[in-house]
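Novice: Residue numbers are given in this note's numbering: position 2 of the sequence shown equals residue 4, and the series is strictly consecutive. Could you have a look at this structure, given as structure tokens, before my questions?
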Amino acid sequence: MKTDWLHSATWAVIGSATRATALVSLATVCMGINEAAADEAGISFWLPGLYGSFAAAPGEPGWSFASVFYHPSVSAGAGTSFPRGGGVDVGIEGRGEIIAFGPTYTFDQPLWGAQAAVSLLAVAGRNSACVDATLAGPGGGTISGERCESYTGVGDLLPQFTLKWNEGVNNYMTYVTGDIPIGAYDPDRLANTGLGHGAIDGGVGYTYLNPETGREFSIVGGMTYNFENPDTDYQNGIDGHVDWAASQFLNEHVHVGVVGYAFQQLTGDSGEGATLGDFKSRVFGIGPQVGYKFDFDDKTAGYVNLKGYYEFGAKNRPEGWNVWLTLAFSPRAEKP
3 MKTDWLHSAT WAVIGSATRA TALVSLATVC MGINEAAADE AGISFWLPGL YGSFAAAPGE
63 PGWSFASVFY HPSVSAGAGT SFPRGGGVDV GIEGRGEIIA FGPTYTFDQP LWGAQAAVSL
123 LAVAGRNSAC VDATLAGPGG GTISGERCES YTGVGDLLPQ FTLKWNEGVN NYMTYVTGDI
183 PIGAYDPDRL ANTGLGHGAI DGGVGYTYLN PETGREFSIV GGMTYNFENP DTDYQNGIDG
243 HVDWAASQFL NEHVHVGVVG YAFQQLTGDS GEGATLGDFK SRVFGIGPQV GYKFDFDDKT
303 AGYVNLKGYY EFGAKNRPEG WNVWLTLAFS PRAEKP
């Protein structure tokens, strides 16, 4: 493959786009789909699959904007229980149609030899949840039978700060992000648009991108600290997560590949609302991806990415599949 267009233009454009879309993807978890992840009510702050290809690649300085449509579908059998609001939900199913969006600003001046960027994201959408039964009390007495709910609204705000370093084909990243819990939340609802508590997440990432071969590999790992939910006296444990992706450019515009993730709760849940004990959770996912870079106008470049995950190996959480469709715009890189 030609090195002139891939290194200076494609790399920079997609680097800007993925920086913006990563936090947009994270915003989708704050819609509170009770069956989407782990911890209390099946919810974790971190959404597995958030990072993908070119995660640590630098971008063009200036403003970028990204939006992500996220559609999950998950379920757990009648023998699987999940704590929520001091009670226990048994046999759950969930679906969502969520859009997350927001800007990212990439600084021109380096910080500690790295390219710095800040983001602020918002989220809106609709999710639906069903349970076979809800239990409460020391004996687990049934207080309700099958119940389904849907909810439409806005979620929490998510700021993020990243630093990225480039050394030839090797790229390195560190990030910190968190949840500002301003979205609508009710512990008695099955479906919410807010998480119900704050969280802080940080980690590191690496991207290998070879302009001569068009091959790319990215991996990002991090940990989440969750603050206590004041409405339920429930505190999720510390979560660990790894997202990875590999792709091959077919030409100047198109790349295809695979994506995957691993999510493992490292410490147990706690608090008076933790009726099922530590309730450590895990899940794995893998699937295909395709991306397309295009010129929007003389100063703006666009990027579209479609990826999907099939989940397996779940413990103390439901599993299923999810699809992501990303559209991002960023400053256009000049070809040499």
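From the three backbone atoms N, C-alpha and C, an ideal C-beta is built for every residue, glycine too. Model, not experiment: these values are computed from the prediction.
At which residues does the beta strand (DSSP E) containing S66 begin and terminate?
Specialist: Position 64 of the sequence shown, counted from the start, is the residue given in the question as residue 66. Run containing S66: 64-77, per the beta strand (DSSP E) assignment.
Novice: From this set, A247, I221, I94, G287, which residue's C-alpha is nearest G315's C-alpha?
Specialist: Here residue 315 corresponds to residue number 313 of the sequence shown, with the count starting at 1. Of the candidates A247, I221, I94, G287, the one whose C-alpha sits nearest the C-alpha of G315 is G287.
Novice: Counting beta carbon pairs with one atom in the stretch 251-261 and one in the stretch 222-233, are three or more of them shorter than 8 angstroms?
Specialist: Cβ pair count under 8 angstroms is below three, so no.
Novice: Given a threshold of 16 other Cβ atoms within 10 Å of its Cβ, counted over all protein chains shown, does Q237 qualify as buried or as exposed?
Specialist: On the sequence shown, residue 237 is found 235 positions in, with the first residue counted as 1. Burial call: buried.
Novice: Using DSSP with H/G/I as helix, E/B as strand and the rest coil, what is A248?
Specialist: Here the question's residue 248 lines up with position 246 in the sequence shown. In the structure shown, A248 sits in a strand (DSSP, three-state: E or B).
Novice: Determine the closest residue to G239 out of P112, T164, N228, with distance taken between C-alpha atoms.
Specialist: Stepping through the sequence shown from its first residue, residue 239 is reached at position 237. Ranking P112, T164, N228 by Cα distance to G239 puts N228 first.
Novice: I'd like to confirm the pairing. Which residues does DSSP put opposite A131 in its beta bridges?
Specialist: Against the sequence shown, residue 131 aligns to sequence position 129. Bridge partners of A131: G96, E151.
Novice: DSSP state of T108, grouped into three classes?
Specialist: Here the question's residue 108 lines up with position 106 in the sequence shown. Residue state, collapsed to three classes: strand.
Novice: So what does DSSP say about V171, is it helix, strand or coil?
Specialist: Locating residue 171 in the sequence shown gives position 169, counting from the first residue. The answer is coil: DSSP assigns V171 none of H, G, I, E or B.
Novice: So which of A57, A78, G98, P63 has the shortest CA-CA distance to N324?
Specialist: Here residue 324 corresponds to residue number 322 of the sequence shown, with the count starting at 1. Selected option, being the one with the closest Cα: G98.
Novice: Any chance you could list the beta strand (DSSP E) runs of at least 3 consecutive residues sitting entirely within the stretch 182-259, in chain order?
Specialist: As far as the stretch 182-259 is concerned, its whole beta strand (DSSP E) runs of at least 3 residues are 201-212, 217-228, 241-251.
Novice: Considering only the beta carbon of each residue, do F281 and N318 sit closer than 7 angstroms?
Specialist: By 1-based counting over the sequence shown, the position of residue 281 is 279. By 1-based counting over the sequence shown, the position of residue 318 is 316. Taking 7 angstroms as the Cβ cut-off, F281 and N318 qualify as a contacting pair.
Novice: Report yes if the C-beta distance between G185 and V156 is below 7 angstroms; otherwise report no.
Specialist: For this step, residue 185 is matched to residue 183 along the sequence shown. For this step, residue 156 is matched to residue 154 along the sequence shown. Yes, the Cβ-Cβ distance between G185 and V156 is below 7 angstroms.
Novice: Tell me which same chain residues have a C-beta within less than 7 angstroms of the C-beta of C32, skipping the five on either side of it?
Specialist: Residue mapping note: residue 32 aligns to position 30 of the sequence shown, counting from 1. Here C32 scores only 49 on pLDDT, less than 50, and its place in the model should not be relied on; the value that follows carries that caveat. Around C32: V125, G157, D158, L160, D181, G185, G196, L197.
Novice: Hey, is the stretch 262-274 in contact with the stretch 294-309, meaning 3+ C-beta pairs nearer than 8 angstroms?
Specialist: No: fewer than three Cβ pairs fall under 8 angstroms.
Novice: Given that a residue counts as buried once 16 or more other Cβ atoms are within 10 Å of its Cβ, and exposed if not, what is S152?
Specialist: The residue you call residue 152 lines up with position 150 of the sequence shown. Exposed: under 16 other Cβ atoms inside 10 Å.
Novice: Can the beta-carbon of Y53 be found less than 7 angstroms from the beta-carbon of D241?
Specialist: By one-based count along the sequence shown, residue 53 stands at place 51. By one-based count along the sequence shown, residue 241 stands at place 239. No, they are not a contact pair.
Novice: Which residues in the same chain as F163 place their Cβ atom closer than 6 angstroms to its Cβ, once the five residues preceding and following it in sequence are excluded?
Specialist: Mapped onto the sequence shown, residue 163 falls at position 161. Correct list, in chain order: V120, V178.
Novice: Using beta-carbon positions only, say whether F47 and P105 come within less than 7 angstroms of one another.
Specialist: Sequence index remark: in the sequence shown, residue 47 carries index 45 (1-based). Sequence index remark: in the sequence shown, residue 105 carries index 103 (1-based). Result no, Cβ atoms of F47 and P105 do not sit closer than 7 angstroms.
Novice: Roughly how far, in whole angstroms, is the beta-carbon of L329 from the beta-carbon of S55, given that I think they are within contact range, below 8 angstroms?
Specialist: For the purposes of this step, residue 329 is identified with residue 327 of the sequence shown, where counting begins at 1. For the purposes of this step, residue 55 is identified with residue 53 of the sequence shown, where counting begins at 1. Contact flag wrong, Cβ pair sits at about 15 angstroms.
Novice: Looking at the secondary structure, which residues open and close the beta strand (DSSP E) in which R284 lies?
Specialist: Taking the first residue of the sequence shown as position 1, residue 284 is located at position 282. Run containing R284: 284-297, per the beta strand (DSSP E) assignment.
Novice: Can you give the Cα-Cα distance for L165 and A118, rounded to whole angstroms?
Specialist: What you label residue 165 is simply residue 163 of the sequence shown in a count that begins at 1. What you label residue 118 is simply residue 116 of the sequence shown in a count that begins at 1. If I take the Cα positions, the gap works out to 5 angstroms.
Novice: Among D110, N194, G96, Y72, whose alpha-carbon lies nearest the alpha-carbon of P63?
Specialist: Taking the first residue of the sequence shown as 1, we reach residue 63 at position 61. When only C-alpha atoms are compared, the closest one is D110.
Novice: Taking the DSSP output, what are the residues bridged to N318?
Specialist: Counting from 1 along the sequence shown, the entry for residue 318 is found at position 316. Its beta-bridge partners do not exist; DSSP assigns none.
Novice: How long is the line joining the alpha carbons of G142 and G304, rounded to whole angstroms?
Specialist: Residue numbering aside, residue 142 sits at position 140 when the sequence shown is read from its first letter. Residue numbering aside, residue 304 sits at position 302 when the sequence shown is read from its first letter. The predicted position of G142 is uncertain, since its pLDDT is 48 and thus under 50; a value taken from the coordinates is nonetheless stated next. If you take the alpha carbons of G142 and G304, they lie about 53 angstroms apart.
Novice: Would the beta-carbon of A201 fall within 7 angstroms of that of T176?
Specialist: Within the sequence shown, residue 201 is the residue found at index 199, counting from 1. Within the sequence shown, residue 176 is the residue found at index 174, counting from 1. Contact: no.
Novice: Taking 7 angstroms as the threshold (C-beta atoms), are L211 and A59 in contact?
Specialist: If you number the sequence shown from 1, residue 59 lands on position 57. If you number the sequence shown from 1, residue 211 lands on position 209. Yes.
Novice: Comparing alpha-carbon positions, which option in P213, I94, S249 lies nearest N172?
Specialist: Along the sequence shown, one-based indexing puts residue 172 at 170. Residue P213 is the option with its Cα nearest to N172.
Novice: By alpha-carbon positions, which one of W326, K301, G310 ends up nearest to W65?
Specialist: By one-based count along the sequence shown, residue 65 stands at place 63. The shortest C-alpha separation from W65 is found at K301.
Novice: In chain order, what residues of the same chain lie with their CB nearer than 7 angstroms to the CB of A116, ignoring the 5 residues before and after it?
Specialist: Locating residue 116 in the sequence shown gives position 114, where the first residue counts as 1. Around A116: L165, K166, W167.
Novice: In chain order, what residues of the same chain lie with their CB nearer than 6 angstroms to the CB of C132, ignoring the 5 residues before and after it?
Specialist: Here the question's residue 132 lines up with position 130 in the sequence shown. For C132, where only same-chain residues beyond five positions count, the Cβ hits under 6 angstroms are E95, C150.
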